[in-house]
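Student: If you read the sequence shown in the UniProt record's numbering, its first letter stands for residue 1, the second for the next number, and so on. Note that the Cβ used here is the ideal one computed from N, Cα and C, for glycine as well. No experiment lies behind these values; they were computed from the predicted model shown.
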Amino acid sequence: MALFAVLATQAPAAGEREVFLRRLPEGFAYTKELVDKGVIRHSWIRVGASGGLNIYDVDSHEELLSVLYSNPVSPHLRFEVIPLAEPESFDPAAYLSKWNAKTRNDSVGEAAHVH
């Protein structure tokens, strides 16, 4: 399981707005199908802006791309993809340990270059 937040923004090319608007109902139907299948966990429409934010639950980045570009309106959208992790999967102690070790190693390297 991999979670991704995807911010989709309308970006129809010049002269393609009519095509986009004609295909929009197909895009909404496709999104509803993904929600019904559990591929999209959460779906929101952006208030005061064009586009939406969806949380996808897929097996891989490749599957996400396939799902995104299978949307009938994808040629008219710009996607910002943000990989997510469940809070339970983050171990702050392990992160701090790695960060502290890196900081010490960087300090040692800098000290070796000081004349």
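Using 10 angstroms around the beta-carbon of I45, count the other beta-carbons present and answer buried if the total reaches 16, otherwise exposed.
Tutor: Position 45 of the sequence shown, counted from the start, is the residue given in the question as residue 45. So I45 ends up on the exposed side.
Student: Using the Cβ count rule (16 or more neighbours within 10 Å means buried), how would you classify A94?
Tutor: Residue numbering aside, residue 94 sits at position 94 when the sequence shown is read from its first letter. Exposed.
Student: Cα separation between V14 and K37?
Tutor: Translated into the one-based positions of the sequence shown, residue 14 becomes position 14. Translated into the one-based positions of the sequence shown, residue 37 becomes position 37. With the sequence shown as reference, residue 14 is identified as Ala, and Val is not the correct amino acid for it. Taking the straight line from one Cα to the other gives about 34 Å.
Student: Could you name each continuous beta strand (DSSP E) segment of 3 residues or more that falls completely within the region 75–111, going from the start of the chain to the end?
Tutor: Taking only runs of at least 3 residues, the beta strand (DSSP E) segments lying wholly in the region 75–111 are 77–84.
Student: In terms of DSSP beta bridges, what is Y56 paired with?
Tutor: Along the sequence shown, one-based indexing puts residue 56 at 56. DSSP lists F4 and I40 as partners of Y56.
Student: With a CB to CB cut of under 8 Å and the five nearest residues on each side skipped, what residues in its chain are close to E86?
Tutor: Walking along the sequence shown from the start, residue 86 turns up at place 86. Cβ neighbours of E86 beyond the five flanking positions: L3.
Student: Does L34 pass the burial test, meaning 16 or more other C-beta atoms within 10 Å, or should it be called exposed?
Tutor: The residue given as residue 34 occupies position 34 in the sequence shown. So L34 counts as buried.
Student: What is the rounded straight-line gap between the Cα of residue 145 and the Cα of Y69?
Tutor: Since the first and last residues shown for the chain are 1 and 115, residue 145 lies out of range.
Student: Can you list, in chain order, the residues of its chain whose CB lies under 7 Å from that of R78, leaving out five sequence neighbours each side?
Tutor: Reading the sequence shown from its first residue, position 78 is the one you call residue 78. Result list for R78: T9 and A11, in chain order.
Student: Can you list, in chain order, the residues of its chain whose CB lies under 7 Å from that of S66, leaving out five sequence neighbours each side?
Tutor: Indexing the sequence shown from 1 puts residue 66 at position 66. There are no such residues.
Student: Identify which residue in H42, P72, P83 and P92 has its Cα closest to the Cα of F20.
Tutor: Residue numbering aside, residue 20 sits at position 20 when the sequence shown is read from its first letter. Minimum Cα distance to F20 is reached at P72.
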